[in-house]
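Beneath this line is the structure, given in structure tokens, with notes to follow.
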Amino acid sequence: MKWFFLSILCVVVGIAGYFIYIKLHPPLTNGGYGASESMETVVISLGNKGMHDIYFTDVQINSDRTPDNAAFQVVDGATGFTLDENFENGESFGGLSQSVGRTVIRADTDPVPQNDEDIIYGLSVHSEEPIELIKVSYEYFGLRFLEEIEID
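Okay, structure coming up:
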């Protein structure tokens, strides 16, 4: 009976340690961004260095303001991202445009394509004011994260 409780304790400590590690090392990676001259439209290349999918929940800009437009461009490495205010029409850039709440970044995804066939994810944000900070909320293994990306 003593060994049973010791085994259960080891499993619980191991799981707790794993979740602490995840909280200290978030899986979302940023591969850079492109912005319009006015800084009102920004595309950020994002990836997932984790072992599980990332589910996005919200995007805010500057001081917790909702952007006028926010969507993900999902394209292959050869196509690349389009920096345009009308990024909701996937046909205009040869990829797929998804709303933030419907986008899932698969595990082990690099924000910078290694070859032309790699799928890359670009968060496109447009606002009527210059964008200085983008806050991305997401879930990973049931844990919630907030990533702040400065645009300079």
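When we follow my numbering, the leftmost residue of the sequence shown carries the number 146, and every step to the right adds one. All C-beta atoms in this analysis are idealised placements derived from N, C-alpha and C, irrespective of residue type, glycine included.
- Rounded to the nearest angstrom, the gap between the Cα atoms of residue 243 and residue 182 is 25 Å.
- The segment 206 to 216 and the segment 163 to 181 do not touch, with fewer than 3 CB-CB distances between them shorter than 8 Å.
- Contact between residue 296 and residue 268 is absent: CB atoms are separated by about 12 Å, not below the 8 Å threshold.
- The C-beta of residue 191 has 16 or more other C-beta atoms within 10 Å across all chains shown, which makes the residue buried.
- Within the DSSP bridge table, the entry for residue 182 names no partner.
- Between residue 283 and residue 252, the alpha-carbon positions lie close to 14 Å from each other.
- Here the segment 151 to 164 makes no contact with the segment 174 to 181; the two share fewer than three CB pairs at distances below 8 Å.
- Under the DSSP assignment, residue 290 falls in the beta strand (DSSP E) whose first and last residues are 288 to 295.
- As the crow flies, the alpha-carbon of residue 210 is around 48 Å from that of residue 152.
- Between the alpha carbons of residue 280 and residue 155 lies a distance of about 37 Å.
- Per DSSP, residue 267 is one residue of the beta strand (DSSP E) stretching across 264 to 271.
- According to the DSSP assignment, residue 244 belongs to no alpha helix (DSSP H) but to the beta strand (DSSP E) extending over 241 to 244.
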